[in-house]
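Notes follow once the structure below has been shown.
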Amino acid sequence: MAENERDLVADATPQVCFNLWAFCDPDTGLVMEIAAKRYVMGGSDREKAAVLKHLAGADFYSVERRFVPERFTLVGPSGQLIEGAVPVNDLDVDAVFAPLIVELAAIPKQVRQVNGRWEEYVPQVLGQPIWVLTVVLETEDGRLVPC
């Protein structure tokens with residue numbers, strides 16, 4: 024099957040998926056907080072992306088926000104160091120979100136009943152997670168506006 028046909032075929036095998044949010048100050052264009060939420064979904068990549076995009080508009084209210092790792096440092100306009108900040112236009116998702124994705128990617132143990140006996144197991148999921156990034160503008164009056 025050609026790679027582009029993968030989007031057209033529903034796949035019942037579950038895959039780890041993430042909604043990622045970068046909270047941006049609209050005045051400075053800096054991201055200093057991020058958030059992520061793990062899901063496990065079946066379906067085509069196109070279907071999974073559509074569900075993630077649909078949920079991204081409000082689901083960030085249900086997750087804990089984290090600071091951008093301190094190793095991301097900028098020099099401010101007056102020469103001061105700004106730790107834990109990334110310009111939204113230079114956001115490297117793999118680097119900035121890596122610790123959070125690693126933390127959330129592990130599927131928790133489940134309990135199931137097999138032949139009348141309870142057993143713990145970890146559900147098997149497909150390889151690399153897919154993700155959707157949404158930038159959320161945090162306005163001066165405290166409103167959060169997903170873009």
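Mapping of the sequence shown onto my numbering: residues 24 to 170, in sequence order. Backbone N, C-alpha and C define an ideal beta-carbon position, used for all residues, glycine too. None of the values given here were measured: they were computed from a predicted structure.
Residue closest to residue i, alpha-carbon to alpha-carbon, out of the options
{"i": "proline 131", "options": "Glu87, Ile57 and Gln147", "result": "Gln147"}
{"i": "glutamate 87", "options": "Ala59, Thr157, Pro100 and Ala128", "result": "Ala59"}
{"i": "valine 155", "options": "Val137, Trp141 and Tyr62", "result": "Tyr62"}
{"i": "valine 91", "options": "Gly66, Pro122 and Glu163", "result": "Pro122"}
CA-to-CA distance, residue j to residue i, given in whole angstroms
{"i": "glutamate 28", "j": "glycine 165", "result": "The pLDDT assigned to glutamate 28 is 48, lower than 50, so where the model puts this residue is not dependable; a value taken from the coordinates is nonetheless given after this. Whole-angstrom Cα-Cα distance: 43 Å."}
{"i": "aspartate 113", "j": "arginine 89", "result": "19 Å"}
{"i": "proline 37", "j": "serine 85", "result": "23 Å"}
{"i": "cysteine 40", "j": "proline 152", "result": "5 Å"}
{"i": "aspartate 115", "j": "valine 134", "result": "37 Å"}
{"i": "leucine 31", "j": "leucine 53", "result": "The predicted model places leucine 31 with a pLDDT of 45, which falls under 50 and marks its position as unreliable, so this point remains unresolved."}
{"i": "alanine 118", "j": "histidine 77", "result": "25 Å"}
{"i": "arginine 120", "j": "leucine 127", "result": "The question names arginine, but residue 120 in the sequence shown is phenylalanine. If you take the alpha carbons of phenylalanine 120 and leucine 127, they lie about 11 Å apart."}
{"i": "glycine 107", "j": "valine 125", "result": "19 Å"}
{"i": "proline 100", "j": "glutamate 143", "result": "54 Å"}
{"i": "aspartate 50", "j": "valine 137", "result": "57 Å"}
{"i": "glutamate 26", "j": "valine 98", "result": "Per-residue confidence for glutamate 26 stands at a pLDDT of 47, beneath the threshold of 50, marking its modelled position as unreliable; the derived number appears in the next sentence. Those two C-alpha atoms are separated by around 43 Å."}
{"i": "valine 74", "j": "glutamate 161", "result": "24 Å"}
{"i": "tryptophan 141", "j": "alanine 129", "result": "22 Å"}
{"i": "alanine 81", "j": "glutamate 70", "result": "19 Å"}
N-terminal and C-terminal residue of the beta strand (DSSP E) that residue i is part of
{"i": "phenylalanine 120", "result": "Note, phenylalanine 120: premise wrong, no beta strand (DSSP E); alpha helix (DSSP H) at 116-128."}
{"i": "glycine 150", "result": "149-161"}
{"i": "valine 10", "result": "Residue 10 is absent from the structure shown; the chain starts at 24 and stops at 170."}
{"i": "glutamate 143", "result": "140-144"}
{"i": "glutamate 56", "result": "53-64"}
{"i": "alanine 39", "result": "Reading off the sequence shown, one finds valine at residue 39, where the question assumed alanine. Where valine 39 is concerned, the enclosing beta strand (DSSP E) stretches over 38-47."}
Beta-bridge partners of residue i, as assigned by DSSP
{"i": "threonine 96", "result": "Glu106"}
{"i": "valine 134", "result": "Glu143"}
{"i": "valine 91", "result": "None; valine 91 has no bridge partner."}
Boundaries of the alpha helix (DSSP H) in which residue i is found, first to last residue
{"i": "lysine 76", "result": "68-82"}
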